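In the UniProt record's numbering, the protein residues as written are 1 to 404.
By construction, the Cβ of each residue, glycine as well, lies at the ideal position given by its N, Cα and C atoms.
Keep in mind the model is a prediction, meaning the values are calculated, not measured.
Heads up, the thing below is written out as structure tokens.
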């Protein structure tokens with residue numbers, strides 16, 4: 001029996017109320033494969049999805065490949081220095097023309113050696129001269145919409161989607177002094193697949209409530225849950241954020257409890273006494289310290305699994321420090337301990353969500369970021385459900401009363 005009914009979608013209204021009145025999303029939003037397929041249409045086929053960083057494409061011919069919503073994509077830098085996002089599906093027999101990452105002069109399909117320029121134009125098609133009405137201009141690799149935001153590259157599979165950057169205006173004053181675009185870091189390892197829903201991952205990364213409890217100890221006590229705050233953003237914003245005060249300036253996740261790399265030079269005194277968590281759902285989450293930025297790129301594979309890419313950014317000169325490797329090791333060991341605690345509970349939360357006793361729980365004030373995510377999600381779930389129901393279907397009074 002389907003769970004996708006008017007009653008189910010009306011029930012989501014209670015998840016976007018004020019934090020102290022709201023309840024969590026239904027467990028089926030995390031466990032149902034039927035809902036996962038719905039969500040792929042509602043979000044991942046329509047929203048802007050982070051695929052990487054501009055510095056992964058330093059030189060003409062540099063490229064990397066990703067798959068989003070089951071679409072294979074190659075992102076490259078052309079000879080004139082522009083960034084292109086292209087379908088990597090050969091327009092002959094659907095073989096992929098690129099794998100992994102590297103540098104190339106052209107994309108050559110290994111199957112039949114159709115050759116595409118870096119801008120996607122078909123420039124070579126062996127033994128096609130006898131084929132009736134074959135026009136190479138009509139067989140280019142399809143272009144995928146893309147935008148960049150402070151060095152992060154986003155793609156969108158919906159040709160009619162609203163542009164991304166205008167809907168991030170509310171974040172600009174918040175992120176300006178960190179200068180994300182100028183930061184650099186080691187290229188992340190290949191994505192790791194984890195056995196829990198992507199929303200469990202995103203919620204945990206922004207949960208101020210658990211910080212002083214799950215992570216109690218010297219590696220985290222200087223960032224107490226009681227100093228979390230959750231500023232509202234405009235209704236049309238494509239992102240949201242939370243702040244968390246620290247007990248001393250320029251705090252860091254390592255044995256010294258302090259920043260060990262150069263502190264970002266433009267930060268105000270207020271910014272040096274807090275951490276920033278920035279979220280561009282459904283794919284990018286940032287943990288912003290005063291000397292490093294951790295970024296998480298999420299790619300759902302099923303209701304109960306997602307691929308996760310984790311990277312680190314810092315001031316470029318930090319990597320020239322003779323002690324860089326030792327400092328990174330110290331940071332990494334602390335972060336691995338904290339993240340290990342998170343991953344353990346994430347997996348158990350996913351197990352609990354599958355239980356017949358899984359609740360629609362209530363929130364603490366320290367979980368305001370979860371409510372901000374709920375608002376972003378539910379509005380898009382409703383929009384997709386309305387598209388499926390048709391323009392003449394009425395919006396119920398229950399849903400209307402749930403608007404925040």
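Secondary structure of residue 253 (DSSP, three-state): coil. If only complete runs of 3 or more residues are kept, the stretch 229-286 shows the beta strand (DSSP E) at 240-245 and 274-280, in order along the chain. With a contact defined as Cβ atoms closer than 8 Å, residue 174 and residue 116 miss out at about 40 Å. Here residue 146 is buried. Its C-beta has 16 or more other C-beta atoms within 10 Å.
Of the residues 11, 316 and 138, the one whose Cα lies closest to the Cα of residue 91 is 138.
With contacts defined as CB atoms closer than 7 Å, residue 297 and residue 309 qualify as a contacting pair. Per DSSP, residue 317 lies in no alpha helix (DSSP H) segment and is marked neither H nor E.
Counting of Cβ neighbours within 10 angstroms places residue 1 among the exposed residues, the total staying below 16. Note on geometry: alpha-carbon atoms of residue 106 and residue 152 lie some 24 Å from one another. Collapsing the DSSP output to three states places residue 29 in a helix. In the DSSP annotation of this structure, the continuous segment of the alpha helix (DSSP H) that includes residue 344 starts and ends at 324-353.
Shortest Cα-Cα distance from residue 198 to any of 163, 233, 55 and 43 involves 43. Residue 8: member of the alpha helix (DSSP H) spanning 6-11, first to last residue.
By alpha-carbon distance to residue 207, the top candidate from 243, 295, 176 and 189 is 243. With contacts defined as CB atoms closer than 7 Å, residue 66 and residue 51 qualify as a contacting pair. Ranked by Cα distance from residue 303, the options 24, 64, 368 and 194 are led by 194. The Cβ atoms of residue 238 and residue 168 lie closer than 7 Å to each other. Around the beta carbon of residue 80, fewer than 16 other beta carbons sit within 10 angstroms, so the residue counts as exposed. The way I'd put it, the stretch 202-216 does touch the stretch 368-383; three or more beta-carbon pairs between them come closer than 8 Å. Sequence-distant Cβ neighbours of residue 227 in its own chain, meaning closer than 6 Å and more than five residues away, are 244 and 245. Between residue 60 and residue 103, the alpha-carbon positions lie close to 8 Å from each other.
Secondary-structure assignment with DSSP links residue 105 through no beta bridge to anything. DSSP places residue 34 within a helical segment (H, G or I) once states are collapsed to three. One Cα belongs to residue 202, the other to residue 39, and the distance between them is close to 15 Å. The DSSP-derived three-state label of residue 44 is helix.
DSSP, read as helix, strand or coil, puts residue 309 in strand. Per DSSP, residue 390 lies in no beta strand (DSSP E) and is assigned neither H nor E. Here the C-alpha atom of residue 291 lies approximately 10 Å from the C-alpha atom of residue 272. Membership of residue 300 in the beta strand (DSSP E) is indicated by the continuous run 292-302. Here residue 386 carries a helix assignment [DSSP, helix/strand/coil]. Straight through space, the alpha carbons of residue 322 and residue 215 are spaced by roughly 31 Å. Straight through space, the alpha carbons of residue 114 and residue 95 are spaced by roughly 10 Å. Pairing residue 49 with residue 77 gives a Cβ-Cβ distance that is not under 7 Å.
Annotated as distal: residue 170 and residue 262, with beta-carbon spacing of 7 Å or more.
For the set 230, 232, 233 and 247, the Cα lying nearest the Cα of residue 224 is the one of 247. DSSP places residue 175 outside any beta strand (DSSP E); the residue lies instead in the alpha helix (DSSP H), whose first and last residues are 172-175.
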